[in-house]
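Taken in order, these protein sequences are the chains called L and C. According to the numbering used here, the first sequence is numbered sequentially starting from -18. According to the numbering used here, the second sequence is numbered sequentially starting from 159.
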Amino acid sequence: MNEIKNFYDKIDPKTSPEEMSARIIAMCADKAAEKQSHENHDNHDNHESHVSFRKPALALVATVCAATFTVSASASGGVSVIISSMFGGSSHAYDMLETAIFHDEDGNVSFDVDEVISDGMCTYATVHYTALNDEGKKWLNTYDILYSYKHIIKEGEGSEEIPNLGYCFEGSLTLAPYGSHDDFSNWMLDNGNLNYHEWIKCHYEGSVYYLRSSIANKSTETERYFYVSVELAKKDSAGNELDLYYPMTNDTRITQISTQNDIKEKLLVIKPERDGEKYYIPTSIRISAISATLYGSFTDRIYTFQGIGRKMRVKPEEYTHFVNNTYLVMKDGSKLYFSRYDMPRGEVANDNPYSRFVLLSSRYQKRVGEDISPTSMENEHIFIDPDDVIGIQIEDHYYELIDG
Amino acid sequence: MDNAKFTKHMQAFQKTVYRIAYSYVGNFEDAEDITQEAFIRLYTRDDDFKGDDNVKAWLIRVTVNLSKSHLRSAWIHRRENMPKSEIPCDNEREQALHEAISSLPPNYRAVIYLHYCEGYKVEELAKMLGTSASNIKARLSRGRAKLKDLMGEPEIM
Chain L
-18 MNEIKNFYDK
-8 IDPKTSPEEM
2 SARIIAMCAD
12 KAAEKQSHEN
22 HDNHDNHESH
32 VSFRKPALAL
42 VATVCAATFT
52 VSASASGGVS
62 VIISSMFGGS
72 SHAYDMLETA
82 IFHDEDGNVS
92 FDVDEVISDG
102 MCTYATVHYT
112 ALNDEGKKWL
122 NTYDILYSYK
132 HIIKEGEGSE
142 EIPNLGYCFE
152 GSLTLAPYGS
162 HDDFSNWMLD
172 NGNLNYHEWI
182 KCHYEGSVYY
192 LRSSIANKST
202 ETERYFYVSV
212 ELAKKDSAGN
222 ELDLYYPMTN
232 DTRITQISTQ
242 NDIKEKLLVI
252 KPERDGEKYY
262 IPTSIRISAI
272 SATLYGSFTD
282 RIYTFQGIGR
292 KMRVKPEEYT
302 HFVNNTYLVM
312 KDGSKLYFSR
322 YDMPRGEVAN
332 DNPYSRFVLL
342 SSRYQKRVGE
352 DISPTSMENE
362 HIFIDPDDVI
372 GIQIEDHYYE
382 LIDG
Chain C
159 MDNAKFTKHM
169 QAFQKTVYRI
179 AYSYVGNFED
189 AEDITQEAFI
199 RLYTRDDDFK
209 GDDNVKAWLI
219 RVTVNLSKSH
229 LRSAWIHRRE
239 NMPKSEIPCD
249 NEREQALHEA
259 ISSLPPNYRA
269 VIYLHYCEGY
279 KVEELAKMLG
289 TSASNIKARL
299 SRGRAKLKDL
309 MGEPEIM
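Written out as structure tokens, the structure reads:
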């Protein structure tokens, strides 16, 4: 214990508390002054003319968003299509969306699951709450940080993703594998080794509610929009359903969301070969229109710790981050970034789970030369045809795909 | 928030916030950014806290969420390789411990830090991080096991 404490005692911020404190106070004072100045300027403009564009850039963005959502709303029977905008408005993605999934109310607020897209491994959903009375409105205000973020973003100061709101209210909005939420902890305690249940928890933890500006901008005083996602290492054998736990004003409720879908998917074998001194070999890949999972194995279990130059026997599960820079190579020669997450690999554990790796890409991105905005979900994902993928590239090495 | 009170909180909790952020992102520069962001939120927060413990717990929650957001953000996935920060080590064993801790999953590192260095109990951590006590116990237990495994000696704690 002391060794760990000593280790952390060496990690100190470069900036002293006094310096950082002074910087933040000055920064916030400047922003407040700037905001006041904008407000004064806006008021002045208002008095002078009703037709001037006060903030052209923002006005344009607002118009584009409004147009997108208006069209989407009429096409989907009143449901705003946020998810298809994630895919750059792709008509293929739009066709795959399930909309107007679920509705519930408790007298104070109503809850709607608006959209779901899923290939069984990755599921994205948007939901929203609407206040039905003052009590409901008050309850919605427990989501205060979202509301305040909306205003920050309007001022053009938002520069990052909005963190999840798990800490803002009692009960949380949670999308989890079917039946796993309540008794999962017990399963974990019952099973000390990597196993089917463990990966659920591992991943479930790292892949919950995310809110971005495009969701925040849709929220009003009486409505709150949320984006929920979950990624699995394996298709749910319990019947293609996920549990959605959602808090209402007096309790937390649960509903099931089906992940059955018609999204195109292929399982391909990777031509077996080893890249030089690398100690991993990719073996197969599942590719759907929205996500992919790369499976592979490790070739040895000895790692040289650079700092001490000593070889030590390690469990290679810790080192899947060495499988860096992975791309899908398309027929036209273009490459899509495989935005990957390491997955627990219990489901392939017929022999030794530590000898395998499972990497999930929950989205494809055009990486080189593209500016990916962290503040917006729009255009963040690419909807592909799995038939267009001819190979994968890991680091500088190209691997050919063979139909399984 | 009142400037004097804010500075007092900064002096009391900056290191904790920074070390939690570092536990997640493994990089000094990003940890510094996250620390600053967490304190900006504290400074601009309207609500008053009932005590320093509440401020600390709130800061830890915000820092954990900011760190997770950071790891999940589009920017981080665009980086070729996340630069790892070097911590000065006095001897080989410290270096090995550093590498072993760095190899743990981020959420294990954070829980180990909060439990062993900040002294939070399992139940407190569960409440603070919005998860179950058994999950925290499992993270601690597996984290310890992995450290032992990687250090190659049975006793490090």
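Ideal placement from N, C-alpha and C gives every residue a C-beta, glycine not left out.
If you check each beta-carbon in the stretch -17 to -1 of chain L against every beta-carbon of chain C, the ones closer than 9 angstroms belong to N(-17), E(-16), I(-15), K(-14), N(-13), F(-12), Y(-11), D(-10), K(-9), I(-8), D(-7), P(-6), K(-5), T(-4), S(-3), P(-2), E(-1). Taking 8 angstroms as the cut-off, the Cβ atoms of T165 of chain C and S2 of chain L count as close. Put simply, the backbone Cα of Y180 of chain C is about 10 angstroms away from that of Y(-11) of chain L. Counting only Cβ-Cβ distances below 9 angstroms, E190 of chain C has contacts in chain L at P(-6), K(-5), T(-4), M1, in chain order.
I5 of chain L reaches chain C at Q194, F197, I198, Y201, counting residues in chain order whose Cβ is nearer than 7 angstroms.
For M311 of chain L, the enclosing beta strand (DSSP E) stretches over residues 307 to 311.
Less than 8 angstroms divides the Cβ of R267 of chain L from the Cβ of L248 of chain L. Put simply, the stretch 95 to 109 of chain L touches the stretch 61 to 78 of chain L. At least three CB pairs are less than 8 angstroms apart. In this structure, L:D85 is the residue among L:D85, L:R4, L:A74, L:I64 with its C-alpha nearest to the C-alpha of T236 of chain L. Non-local C-beta neighbours of K252 of chain L in its own chain, meaning closer than 7 angstroms and more than five positions away in sequence, comprise Y380, E381, I383, ordered along the chain. DSSP places R302 of chain C in the helix class (H, G or I) of the three-state scheme.
Counting along the chain, the unbroken alpha helix (DSSP H) around Y75 of chain L starts and ends at 72 to 77.
Take L113 of chain L, set aside five residues on each side of it, and the residues of its chain with a beta-carbon closer than 8 angstroms to its own are E86, G88, N89, V90, S91, in chain order. In the DSSP assignment, P263 of chain L forms a beta bridge with L:G277.
Here G209 of chain C is exposed. Its C-beta has fewer than 16 other C-beta atoms within 10 Å. Here the alpha carbon of Y276 of chain L sits roughly 14 angstroms from the alpha carbon of Y308 of chain L.
By the Cβ-count criterion, M229 of chain L is buried, with 16 or more other Cβ atoms from all chains shown falling within 10 Å of its own Cβ.
Closer than 8 angstroms to the CB of C103 of chain L there is not a single CB belonging to chain C.
For N161 of chain C, the neighbours in chain L by C-beta distance under 7 angstroms run, in chain order, I6. In this structure, A270 of chain L sits near D366 of chain L, with a CB-CB distance shorter than 8 angstroms.
Here DSSP, grouped into helix, strand and coil, assigns A112 of chain L to strand. By the criterion of a C-beta distance shorter than 8 angstroms, E276 of chain C is surrounded in its chain by T174, once the five residues flanking it on both sides are discounted.
Sequence-distant partners of V269 of chain C (beyond 5 residues in either direction) whose C-beta falls short of 8 angstroms from its own C-beta, in its chain, are L283, L287, I294, R297, L298, G301. Closest in alpha carbon position to E376 of chain L, among L:I363, L:V310, L:D369, L:F364, is L:V310. In the DSSP assignment, T236 of chain L falls within the unbroken beta strand (DSSP E) covering 233 to 239.
DSSP places I64 of chain L inside the alpha helix (DSSP H), whose first and last residues are 64 to 67. For L298 of chain C, there are no C-beta contacts with chain L under 7 angstroms, since the nearest C-beta of that chain is about 11 angstroms from it.
CA-CA distance, S66 of chain L to E250 of chain C, rounds to 52 angstroms.
Between R267 of chain C and L317 of chain L, the alpha-carbon positions lie close to 32 angstroms from each other.
For G372 of chain L, the three-state secondary structure derived from DSSP is strand. Within the same chain, no residue comes within 6 angstroms of K279 of chain C by CB-CB distance, once the 5 residues on both sides are set aside. Checking the DSSP bridge columns, you'll see S2 of chain L has no partner listed. Here DSSP, grouped into helix, strand and coil, assigns K118 of chain L to helix. Under the 10 Å beta carbon count, N223 of chain C is surrounded by 16 or more other beta carbons and is classified as buried. Any Cβ of chain L closer than 8 angstroms to the Cβ of Y180 of chain C would place that residue at the interface, and such an atom is present.
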